[in-house]
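K.L.:
This is the structure, below, for whatever I ask next.
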Amino acid sequence: MRTPMRLIFALTALFLLTAFPYGQALADTGRYALVIGNSAYKDKPLKNPANDARDMGRALQRLGFDVQLKTDVSLRDMEEAIREFGVRLKRGGVGLFYYAGHGVQVQGVNYLVPVGAKISSESDAKFECVDAGRVLGKMEDAGNELNIVILDACRNNPFARSFRSVDQGLARMDAPTGSIVAYATAPNSVASDGKGANGMYTKYLLENMNTPGIPIEEVFKRVRIGVMGETSKKQVPWESSSIAGYFYLAGTPPQGANVKAQLAAAQSATVQQVTAEQRQQEQRLKDYILGLEAEKQQVELERADLARRRQQLDQDAAKKLAEAQAPQDKRLREQLAVLETERRKLEQERLALEAARRETERLQSVQQAQAKQQAAPNVPAAPNVTVAGQQLRPGMTLPASSVTVIGQQASIQSPGQASAQPYGDVQQPRPRPRAPRGDDRATVLSRLAGVWRIETEGNRAFPMLQLKPGGDTLYGTLVGDERLVSRMQLSGLAVEDGSLHVRMDIPQPDRRVQTPRGRLRTLVRTEQQPTRTIECVGSLRDSQGGEIPLVCERVDDGAPPRGVRYHENGRMVRADSGRGW
Numbered sequence: 002m003r004t005p006m007r008l009i010f011a012l013t014a015l016f017l018l019t020a021f022p023y024g025q026a027l028a029d030t031g032r033y034a035l036v037i038g039n040s041a042y043k044d045k046p047l048k049n050p051a052n053d054a055r056d057m058g059r060a061l062q063r064l065g066f067d068v069q070l071k072t073d074v075s076l077r078d079m080e081e082a083i084r085e086f087g088v089r090l091k092r093g094g095v096g097l098f099y100y101a102g103h104g105v106q107v108q109g110v111n112y113l114v115p116v117g118a119k120i121s122s123e124s125d126a127k128f129e130c131v132d133a134g135r136v137l138g139k140m141e142d143a144g145n146e147l148n149i150v151i152l153d154a155c156r157n158n159p160f161a162r163s164f165r166s167v168d169q170g171l172a173r174m175d176a177p178t179g180s181i182v183a184y185a186t187a188p189n190s191v192a193s194d195g196k197g198a199n200g201m202y203t204k205y206l207l208e209n210m211n212t213p214g215i216p217i218e219e220v221f222k223r224v225r226i227g228v229m230g231e232t233s234k235k236q237v238p239w240e241s242s243s244i245a246g247y248f249y250l251a252g253t254p255p256q257g258a259n260v261k262a263q264l265a266a267a268q269s270a271t272v273q274q275v276t277a278e279q280r281q282q283e284q285r286l287k288d289y290i291l292g293l294e295a296e297k298q299q300v301e302l303e304r305a306d307l308a309r310r311r312q313q314l315d316q317d318a319a320k321k322l323a324e325a326q327a328p329q330d331k332r333l334r335e336q337l338a339v340l341e342t343e344r345r346k347l348e349q350e351r352l353a354l355e356a357a358r359r360e361t362e363r364l365q366s367v368q369q370a371q372a373k374q375q376a377a378p379n380v381p382a383a384p385n386v387t388v389a390g391q392q393l394r395p396g397m398t399l400p401a402s403s404v405t406v407i408g409q410q411a412s413i414q415s416p417g418q419a420s421a422q423p424y425g426d427v428q429q430p431r432p433r434p435r436a437p438r439g440d441d442r443a444t445v446l447s448r449l450a451g452v453w454r455i456e457t458e459g460n461r462a463f464p465m466l467q468l469k470p471g472g473d474t475l476y477g478t479l480v481g482d483e484r485l486v487s488r489m490q491l492s493g494l495a496v497e498d499g500s501l502h503v504r505m506d507i508p509q510p511d512r513r514v515q516t517p518r519g520r521l522r523t524l525v526r527t528e529q530q531p532t533r534t535i536e537c538v539g540s541l542r543d544s545q546g547g548e549i550p551l552v553c554e555r556v557d558d559g560a561p562p563r564g565v566r567y568h569e570n571g572r573m574v575r576a577d578s579g580r581g582w
């Protein structure tokens, strides 16, 4: 008995070794497939999933699978189809689940999106979609020999705007024992929907799954090579497998001693295909680089040409602008020269008028003093007055000179003539004037530069005065409160004999009640508006720090006589941080 039993065991071992020399071949008692393809989504519909499902169903039927095909199904129909698929798998054999359509991941969980799903936030996915892990659970519960899950569902997330996370594609799922999970692309990546009748991944799967005599792992490897070659490695299919044996979709496993040769030939064909595709890819890459270099050179040439044209246009425009502005610039220079000449003439006339006014006032004061002396009681006879050797008669006008009274005689001398007085007479001492500062005119004008505020004892409102020297001339502008500036005009500004003279005109409104005819006459006659003139004289010799004492009075034609005019003392205070007075 022992010898026949040993012979039987030996023959059985030899049969197993010769039939399956490279591993255990999985039983193939039954083949069941559930194929689902969803395209008709309300938001972001897809073109190929329904076609992919129909083509995949026909291919699996040719390979001996009992196919359950579903296209554009709702949530309820998908759940019912998965339940029926799990019941069929309990018969044993091989189970294959194929899905093409939208798929999303939420917090690491993969969901298959049915047609008609209403998703407004991430929390809706677990109620409106099918958990991909549910399919794996049904397969594992069936306890059959081999399960295959193929997910061509890694397209763009149609609900990305309403999701908090930004993860793309599907998350990784580990295959349970005795199963293989295949993805159209790597985890967290996006797959292409394809330009033809099928998606990119399904197209290569249909091309390779009918190849007889190659294991399923080799089928997926060839699919990965084809997809990577066509997408320039932008889409890389990926699998997770825990299969311990060999499973062949098409044909039967190789027998006898030809196994090594057939496997070697298959590997060689795969290597050659990969090498050819790599060479084609490298050639396309080289051609693309050469095209980029040519385009770069063309762009550089166009850029240089544009720069040259722009420079030429800028030069031409500048030349034309200069030629067009030349006559205007010449006229402006001529007008400025005329205005400067007129300004100098006006300044000389103003200085001459000011000197004549002061001389007249001095002579008037001398005449008033003589008149008071003659009208005083018990006063001796008026002294004899001689002007440059001539006796002064009543009604005679006094020239610009100085007067010296000695006893009962007085002599009026010209500024260049020495004082002639009788010997022995005693001359009355006169108050010694304060010596002016030894600064030249340019220094005085530079110290006056800046902004000054005029303050008087009567708290009269004046605008501030901005002074600016220009050569031998002092220029001024009224600044400050716009209401005060609009009411006054600076009509005179001079620096002479240690004093600063400032004149401001204040136009007075016409308060007469006029009829419409009277207003028309006023406009026709162009009457001159009455104006008040205020003159403020500041003593530069008595200035201290940033203050200049001054005296202000009204000097226009309508002002009271000089003897009864109201003088108002005040000061000029520097209003900026300038140095000087």
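Heads up: the sequence shown begins at 2 in the working numbering, then just goes up one per residue.
Just so it is clear, CB atoms sit at the ideal spot from N, CA and C, and this is done for glycine as well.
With DSSP collapsed to three states, give me the class of K469.
P.N.:
As a working note, residue 469 is residue 468 in the sequence shown. DSSP places K469 in strand when its eight states are reduced to three.
K.L.:
Buried or exposed: which applies to A295, given that a residue is buried once 16 or more other Cβ atoms fall within 10 Å of its Cβ?
P.N.:
For this step, residue 295 is matched to residue 294 along the sequence shown. Classification of A295: exposed, given that the 10 Å Cβ count is below 16.
K.L.:
By the three-class DSSP mapping on this structure, what secondary structure does E283 have?
P.N.:
As a first step, residue 283 is located in the sequence shown; it is residue number 282 there, counting from the start. Helix at E283.
K.L.:
Given a cut-off of 7 angstroms, decide if K71 and I37 are closer than it, judged by their beta-carbon atoms.
P.N.:
Translated into positions along the sequence shown, residue 37 becomes position 36. Translated into positions along the sequence shown, residue 71 becomes position 70. Cβ atoms of I37 and K71: closer than 7 angstroms.
K.L.:
Which stretch, first to last residue, makes up the beta strand (DSSP E) that contains I151?
P.N.:
For the purposes of this step, residue 151 is identified with residue 150 of the sequence shown, where counting begins at 1. Note, I151: beta strand (DSSP E), 147-153.
K.L.:
What three-state label does DSSP hand P561 in the structure shown?
P.N.:
Sequence index remark: in the sequence shown, residue 561 carries index 560 (1-based). Three-state result, P561: coil.
K.L.:
Using CA coordinates, which residue listed in W239, L90, S243, Y202 is at the minimum distance from E231?
P.N.:
In the sequence shown, residue 231 corresponds to position 230, counting from 1. Cα-wise, what sits closest to E231 is Y202.
K.L.:
Please look up how many angstroms separate the CB atoms of D125 and G200, rounded, as I've assumed it's under 8 angstroms.
P.N.:
Taking the first residue of the sequence shown as 1, we reach residue 125 at position 124. Taking the first residue of the sequence shown as 1, we reach residue 200 at position 199. Not confirmed; about 26 angstroms, so no contact.
K.L.:
Within its chain, find whatever has a CB closer than 6 angstroms to the CB of F98; leave out the 5 residues flanking it on each side and keep chain order.
P.N.:
Residue numbering aside, residue 98 sits at position 97 when the sequence shown is read from its first letter. L35, V136, V150.
K.L.:
Which of helix, strand or coil does DSSP assign to E324?
P.N.:
Sequence index remark: in the sequence shown, residue 324 carries index 323 (1-based). Helix, per DSSP.
K.L.:
For the alpha helix (DSSP H) containing G63, list its first residue and its last residue.
P.N.:
Counting from one through the sequence shown, the residue named residue 63 turns up at place 62. According to the sequence displayed, residue 63 carries Arg and not Gly. Unbroken alpha helix (DSSP H) run through R63: 50-63.
K.L.:
Do you know how far the Cα of P531 is from the Cα of Q509?
P.N.:
One-based indexing of the sequence shown puts residue 509 at position 508. One-based indexing of the sequence shown puts residue 531 at position 530. Distance between the alpha carbons of Q509 and P531 is about 5 angstroms.
K.L.:
Apply the 10 Å Cβ neighbour rule to K373 and answer buried if 16 or more other Cβ atoms are within range, or exposed otherwise.
P.N.:
The sequence position of residue 373 within the sequence shown is 372, counting from 1. Exposed, by the Cβ-count rule.
K.L.:
With distance defined between alpha-carbon atoms, name the residue in E569, G252, R173, K234 nearest to M210.
P.N.:
As a first step, residue 210 is located in the sequence shown; it is residue number 209 there, counting from the start. Answer by Cα proximity: G252.
K.L.:
Buried or exposed: where does K297 fall if 16 or more other Cβ atoms within 10 Å of its Cβ makes it buried?
P.N.:
Numbered from 1 along the sequence shown, position 296 holds the residue referred to as residue 297. When all chains shown are included, K297 counts as exposed.
K.L.:
Taking just the CA atoms, how far does R310 sit from R454?
P.N.:
Here residue 454 refers to the residue found at position 453 of the sequence shown. Here residue 310 refers to the residue found at position 309 of the sequence shown. For R454 and R310, the distance between alpha carbons rounds to 58 angstroms.
K.L.:
Three or more C-beta pairs closer than 8 angstroms, one from the segment 279-293 and one from the segment 81-101: is that the case here?
P.N.:
No, the segment 279-293 is not in contact with the segment 81-101.
K.L.:
Is there a Cβ of chain D sitting closer than 7 angstroms to that of G102, yes or no?
P.N.:
Among the protein chains of the structure shown there is no chain D, as only one such chain exists.
K.L.:
Near E456, which residues of its chain fall below 7 angstroms by C-beta distance, leaving aside the five closest residues on each side in sequence?
P.N.:
One-based indexing of the sequence shown puts residue 456 at position 455. The answer, listed in chain order, is G571, R572, V574.
K.L.:
Taking the C-alpha atoms as reference points, what is the distance between P22 and V220?
P.N.:
To locate residue 22, count along the sequence shown from 1; it is residue 21. To locate residue 220, count along the sequence shown from 1; it is residue 219. Note that P22 scores a pLDDT of 37, beneath 50, so its modelled location is shaky; the value from the coordinates is reported in the next line. If I take the Cα positions, the gap works out to 20 angstroms.
K.L.:
Under 7 angstroms between the Cβ atoms of G170 and S190?
P.N.:
Here residue 170 is taken as the residue at index 169 of the sequence shown, counted from 1. Here residue 190 is taken as the residue at index 189 of the sequence shown, counted from 1. Yes.
K.L.:
In the DSSP assignment, find the unbroken beta strand (DSSP E) run with M489 in it and report its ends.
P.N.:
Along the sequence shown, read from residue 1 onward, the residue named residue 489 stands at position 488. That residue, M489, is in no beta strand (DSSP E); it is neither H nor E in DSSP.
K.L.:
Just to confirm before moving on: does the CB-CB distance between G87 and N148 stay below 7 angstroms?
P.N.:
One-based indexing of the sequence shown puts residue 87 at position 86. One-based indexing of the sequence shown puts residue 148 at position 147. No, these two residues do not count as a Cβ contact at 7 angstroms.
K.L.:
Exposed or buried, T269, counting other C-beta atoms within 10 Å across all chains shown (16 or more means buried)?
P.N.:
Counting from 1 along the sequence shown, the entry for residue 269 is found at position 268. The sequence given here has Ser at residue 269, not Thr. Burial call: exposed.
K.L.:
Below 8 angstroms, can you find three or more Cβ-Cβ pairs linking the segment 227-241 to the segment 174-186?
P.N.:
Touching, yes, given that three or more Cβ pairs across the two stretches are closer than 8 angstroms.
K.L.:
So the beta strand (DSSP E) V452 belongs to, where does it begin and stop?
P.N.:
Counted from its first residue, the sequence shown places residue 452 at position 451. First-last of the beta strand (DSSP E) with V452: 451-457.
K.L.:
From what residue to what residue does the beta strand (DSSP E) around T72 run?
P.N.:
Counting from one through the sequence shown, the residue named residue 72 turns up at place 71. Where T72 is concerned, the enclosing beta strand (DSSP E) stretches over 67-72.
K.L.:
Leaving out five residues on either side along the sequence, give the residues of the same chain with a beta carbon under 6 angstroms from the beta carbon of H502.
P.N.:
Here residue 502 refers to the residue found at position 501 when the sequence shown is read from its first residue. So the qualifying residues of the chain are A495, V538.
K.L.:
Looking at the unbroken alpha helix (DSSP H) that takes in D506, where does it start and where does it end?
P.N.:
In the sequence shown, counting from the first residue as 1, residue 506 sits at position 505. No alpha helix (DSSP H) contains D506, which is instead part of the beta strand (DSSP E) from 500-508.
K.L.:
Suppose you measure from the CA of M465 to the CA of A576; what does that come to, to the nearest Å?
P.N.:
The residue you call residue 465 lines up with position 464 of the sequence shown. The residue you call residue 576 lines up with position 575 of the sequence shown. If you take the alpha carbons of M465 and A576, they lie about 8 angstroms apart.
K.L.:
With DSSP as the reference, identify every bridge partner of Q106, one or two as the case may be.
P.N.:
Residue mapping note: residue 106 aligns to position 105 of the sequence shown, counting from 1. In the DSSP output, where bridge partners are listed per residue, Q106 has N111.
K.L.:
Assuming M489 contacts L479 (C-beta within less than 8 angstroms), just tell me the rounded distance between them.
P.N.:
Residue 489 sits at position 488 when you count from the first residue of the sequence shown. Residue 479 sits at position 478 when you count from the first residue of the sequence shown. The pair is a contact, with the Cβ atoms about 6 angstroms apart (cut-off 8 angstroms).
K.L.:
Using beta-carbon positions only, say whether L206 and V224 come within less than 7 angstroms of one another.
P.N.:
Position 205 of the sequence shown, counted from the first residue, corresponds to residue 206. Position 223 of the sequence shown, counted from the first residue, corresponds to residue 224. Yes, the Cβ-Cβ distance between L206 and V224 is below 7 angstroms.
K.L.:
Which residues in the same chain have their Cβ closer than 8 angstroms to the Cβ of V1, if we skip the five residues on either side of it in sequence?
P.N.:
The structure shown has nothing for residue 1, since the chain only spans 2 to 582.
K.L.:
Quick one: Cα of L293 to Cα of K235, how far?
P.N.:
One-based indexing of the sequence shown puts residue 293 at position 292. One-based indexing of the sequence shown puts residue 235 at position 234. Each residue's alpha carbon lies about 20 angstroms from the other.
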